[in-house]
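One line per chain: the protein sequences are A and B, in this order.
Just so we're aligned, residue 1371 is where the first sequence starts under the numbering used here, counting upward by one.
Just so we're aligned, residue 1371 is where the second sequence starts under the numbering used here, counting upward by one.
Beta carbons: idealized from backbone N, C-alpha and C, even for Gly.
See below for the structure under consideration.
2 protein chains.
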Amino acid sequence: MNIKEIAKKSEVSITTVSRVLNNPEMVSEETKNRVLTVIEELNYTPNWFARNLQNSKTNLIGMLVPDMLEASNMEMAKGVEKIARSKKNSVILCDTDFDKNTELEYINTLIDRKIDGLILASSQIDEKDAIKLKEREVPFVLIGKSAFCQQENIVYTNYDTAAEEAVDYLIKTGRKRIALILTQYPVLDSQEKLEGYKRALHKNMMKVDLDIIFKTGNNIEGGFEAASKLLESKEVPDAFFIATDTMAFGAIERIKQSGLTPDKLAVIGFDDLPAGAVMEPKLTTVTKPSYRMGLTAARLLFDIIEEPDLNKEAQAIMLQSRLKIRKSCGNKERLKEIW
Amino acid sequence: MNIKEIAKKSEVSITTVSRVLNNPEMVSEETKNRVLTVIEELNYTPNWFARNLQNSKTNLIGMLVPDMLEASNMEMAKGVEKIARSKKNSVILCDTDFDKNTELEYINTLIDRKIDGLILASSQIDEKDAIKLKEREVPFVLIGKSAFCQQENIVYTNYDTAAEEAVDYLIKTGRKRIALILTQYPVLDSQEKLEGYKRALHKNMMKVDLDIIFKTGNNIEGGFEAASKLLESKEVPDAFFIATDTMAFGAIERIKQSGLTPDKLAVIGFDDLPAGAVMEPKLTTVTKPSYRMGLTAARLLFDIIEEPDLNKEAQAIMLQSRLKIRKSCGNKERLKEIW
DNA sequence: CTGAAAGCGCTAACAC
DNA sequence: GTGTTAGCGCTTTCAG
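Structure (structure tokens):
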């Protein structure tokens, strides 16, 4: 089924059919209706490739995330999709599984597919890769800082200062020995949280003890095991700052088994997963604007796609993360802040 | 950058360049190397549209889910993507937001984009829509039963018998009044769970009481509110069977506030979210093979795409869900079964 | 082993 | 308002 057949059946030229589809105002009512009827009848849709062979706009954008099972990634994806849809675009979503080669491979595949733009969440690409990307002239936006975030379009959140705020809060409420549990993945998010942690300690004249900084799998078991090791160490910490709520769930389970309560051992997570508001004790955490980051990144991307000239200057947009205090910090004095 | 330029620079015809790319064995080593060097140098990739204008295979499949934030949907998506990637395909993932019109709209967009196949999770399309789909000659596979699952390719799990098993277990362990909390979404999953619930009651000579069957939002608050109403009713149930773990989390929170313990009020959820294994009490639930359903559906789809003739007969593949007993049922007699 | 040339289905100048 | 025609970038006969 192609434009030619429609033209024949409606007894017009293919140009007219094309016009009915693309510039209906140029065609007389009568002809238009005749053509439309035939189109309807034959259930015709124009061939997308032939069309795009000229346009070379695909209305397709790509989005890479390290893990589709992480709720915050999917909130971003949902934000991206919402904008994409309003622009009549579709999103190819790819899961890089935290692997840089997989990421680069996907980027190539997507560019070969002539996507109009690319959104990279927690990307591992470096400056060299970015230069290549630019040579290929594919607009792209990063979500979350990257190894080379200097001069790129990027939407990020303050992992570092949010972490700093969290640790600072622990110190202000009297905690003396604060352990840090990070994910073992090679994304920069971890790095930033570590920096925030260190800054808070330094600011408060406490020293960083590598014995109580752990990296583990970003899952419940990982948190459980890290907590185990910390609880069995000589000098048991009186607070855990944990880089993801998921790991925090495991840690809290282990802590409960040990009989310790929040006033003896405080826990702060990161991500604000819904389950954290339901567990016992409710988890203090850092809430980050994932959905809005997705929306913002997609808007920025489409701005660039639609008006490349107006958007030559790279933009860095920061959306705020903030501490959400609940009972897992066990701080009686500031009960009013409890959410 | 196009094939013509490559041809010119390598001093061969465009045909030869095309052959280097598609049938390298037909070209002499020398010419091939020369062309490849130029391709490398100029960073050329063939235009995907021009290519597909002939093939009309896009290596692109679509997948529709009702909600990208639901973990089980994303496990399916991850399974689908894994297979797609091994077949050098990409996946366009769309979130229908439980809306049938959105679903149909996406289906149309995707078909216009000439995707090679379609996977529909918890679809709301009816027989008429399916017929239209077939007219368009797009292979598709359903995940989860659908309103018209008679003669379609489908991968599903036994929501009904799994629900029946769960309720049966509650009855066998002495529960007399079992409430049911369902999601309010119009997907068939709910319907099936309801049927299983009814079957278990009938089998055990108990009658269905509509006063203790609720539909609510599939989130923590929804579960919380439904539990509230049930706890405030005249005849408080001694068990809740809840169609999703997410709602169960909210319900358990509410139950804890009321001071009731699992021996007085048992709870069974559905989905086996990781957080259920960490909360107090650990949640008895039904675990379903989401990831494997994704893998299986994708494999089936590619079988159909690759060998349409061998796969004219629709297949229905069932993967088993099963009850996972934990403490939220508070059944002391069968403690060994506790996971 | 290589090349010329005919399309794939559509859009957009350019005529009428 | 409508039609003719020349491509878009590639693959694929068909000749050599």
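Every alpha helix (DSSP H) of 4 residues or more that sits fully in the stretch 1488-1546 of chain B is shown, in chain order, as 1497-1505 and 1529-1542.
Between N1413 of chain B and chain A, the shortest Cβ-Cβ separation is below 8 Å. For I1541 of chain B against N1588 of chain B, the beta-carbon gap comes to about 25 Å, at or over 8 Å, which does not count as contact.
I1462 of chain A has a beta carbon lying within less than 8 Å of a beta carbon in chain B.
Between F1619 of chain B and chain A, the shortest Cβ-Cβ separation is below 8 Å.
DSSP, reduced to helix, strand and coil, places T1586 of chain B within a strand of the structure shown.
Taken in chain order, the members of the stretch 1578-1593 of chain A whose beta-carbon sits within less than 8 Å of a beta-carbon on chain B are N1589 and I1590.
Counting C-beta pairs with one atom in each stretch, the stretch 1549-1565 of chain A and the stretch 1610-1620 of chain A have three or more that are closer than 8 Å, which means they touch. A distance below 8 Å separates the beta carbons of E1473 of chain B and Q1494 of chain B.
Under DSSP, the beta-bridge partners assigned to T1657 of chain A are A:D1641 and A:R1692. Residues of chain A whose Cβ lies closer than 7 Å to the Cβ of N1422 of chain B are, in chain order, F1419. Taken atom to atom, the span from the alpha-carbon of Q1690 of chain A to that of K1458 of chain A is near 29 Å. Between the stretch 1485-1502 of chain A and the stretch 1665-1685 of chain A there are three or more C-beta pairs closer than 8 Å, enough to call the two in contact. Under a criterion of Cβ atoms nearer than 8 Å, the residues of chain A adjacent to P1644 of chain B are, in order, N1589, I1590, T1616 and F1619. The beta-carbon distance between I1582 of chain A and L1550 of chain A, rounded to whole angstroms, is 7 Å. This is short enough to meet the 8 Å contact definition.
In the DSSP assignment, I1485 of chain B falls outside any beta strand (DSSP E), carrying neither H nor E. About 7 Å separates the CB atoms of S1460 of chain A and N1429 of chain A; that is less than 8 Å, so the two are in contact. Across the stretch 1429-1444 of chain B, CB contacts with chain A closer than 7 Å involve M1438, L1439, A1441 and M1444, in sequence order along the chain.
For Q1554 of chain A, the CB contacts under 7 Å within the same chain, skipping 5 residues up- and downstream, are K1585, T1586 and G1587 in chain order. Here DSSP, grouped into helix, strand and coil, assigns A1684 of chain A to coil. With a threshold of 8 Å between beta carbons, V1508 of chain B makes no contact with chain A. With a 10 Å radius around the Cβ and a threshold of 16 neighbouring Cβ atoms, L1580 of chain A comes out exposed. Using a Cβ-Cβ distance cut-off of 8 Å, the stretch 1692-1702 of chain A and the stretch 1391-1408 of chain B are not in contact, since fewer than three pairs of beta carbons, one from each stretch, lie closer than that value.
Contact of A1533 of chain A with chain B is not assigned, every C-beta pair being separated by 8 Å or more. Secondary-structure assignment with DSSP links C1464 of chain A through a beta bridge to A:L1434.
For P1632 of chain A, same chain residues with a beta-carbon under 7 Å away, outside a window of 5 residues either side, are P1651, K1697, S1698, C1699 and G1700 in chain order. A Cβ of chain A is located within less than 8 Å of the beta carbon of A1647 of chain B. Contacts between R1483 of chain A and chain B, judged by CB atoms closer than 8 Å, involve W1418, L1430 and S1460 in chain order. With a cutoff of 8 Å on beta-carbon distance, E1535 of chain B and L1653 of chain B are scored as not near each other. Not a single CB atom of chain B sits nearer than 8 Å to the CB of T1654 of chain A. Between A1621 of chain A and A1596 of chain A, the CB-CB gap stays under 8 Å. Think of a sphere of 7 Å around the beta carbon of T1479 of chain B: the chain A residues whose beta carbon falls inside it are S1460, in chain order. Of all residues in the stretch 1493-1506 of chain A, only K1502, E1505 and R1506 come within less than 9 Å of chain B when Cβ atoms are compared, listed by chain position. Between the alpha carbons of V1656 of chain A and F1640 of chain A lies a gap of roughly 5 Å.
The beta carbons of R1545 of chain B and A1618 of chain B sit no closer together than 8 Å. Per the C-alpha coordinates, the member of B:A1532, B:A1377 and B:Y1414 positioned closest to V1387 of chain B is B:A1377.
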